Amino acid sequence: VDEIRIDTGNERTLSARRSQIEVILKRRHRGEEDFEIKDQREEIENEMENMRKYVKAGLALGVVALLAGGIGIMNVTLATIFARVREIGIRRAIGASRADILAQFLLEAAMLGAAGGVAGVALGLGGVKWLSGL
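All the letters of the sequence shown, read from the start, carry residue numbers -18 to 115 under my numbering.
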């Protein structure tokens, strides 16, 4: 026999039953403790703790990816501004306010971020489907 599963039906009687089972098994095994008594609750708690660790690691990875993406968008926006200095000057000359120009660049950055987010979600979902098919 490799394994015996016992359900005491009551959590309060579990430790008493566990002690009784241990005494019986020691007697049957001639005093040797060549068996192991496991409590499923402990195993479930261990699995939950592992799951929490994975979630925390995933969140940390997500934050790093979000920061990297934000820095990338900032760099692209700055490069766009420096490349379009003449356009900005012409728009200012014909009456555009600083707020109008700022709104234009912020809108472009937001659209770039949204497009990247949609592409990231699509690639992530595709990757998950592909990995689950393996």
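Using N, Cα and C, we set each Cβ at its ideal position, and we do this for glycine too.
This one's a predicted model, so the numbers in the text were calculated from it and none came from an experiment.
Inset, instruction - Within its chain, find whatever has a CB closer than 6 angstroms to the CB of G39; leave out the 5 residues flanking it on each side and keep chain order. - result: none
Legend entry - Contact the region 86 to 106 vs the region 45 to 55: 3+ CB pairs below 8 angstroms: yes
Legend entry - Beta-carbon spacing of I71, I82 below 7 angstroms: no
Inset, instruction - Could you tell me whether the Cβ atoms of I54 and A103 are closer together than 7 angstroms? - result: no
Inset, instruction - Tell me whether F16 sits in a helix, a strand or coil according to DSSP, three-state version. - result: coil
Legend entry - Straight-line Cα distance separating R33 from R(-11): Sequence check: residue -11 is Thr here, not Arg. So the alpha carbons of these two residues sit roughly 29 angstroms apart.
Legend entry - Alpha-carbon spacing of R(-14) relative to N31, whole angstroms: 24 angstroms
Legend entry - C-alpha distance - S78 paired with N56, whole-angstrom precision: 23 angstroms
Inset, instruction - Select from L(-5), S(-4), V45, I18 the residue whose C-alpha is nearest the C-alpha of L6. - result: I18
Inset, instruction - Using alpha carbons as the reference points, say which of V36, R73, E23 lies closest to E(-8). - result: E23
Inset, instruction - Using three-state DSSP, classify R79 as helix, strand or coil. - result: helix
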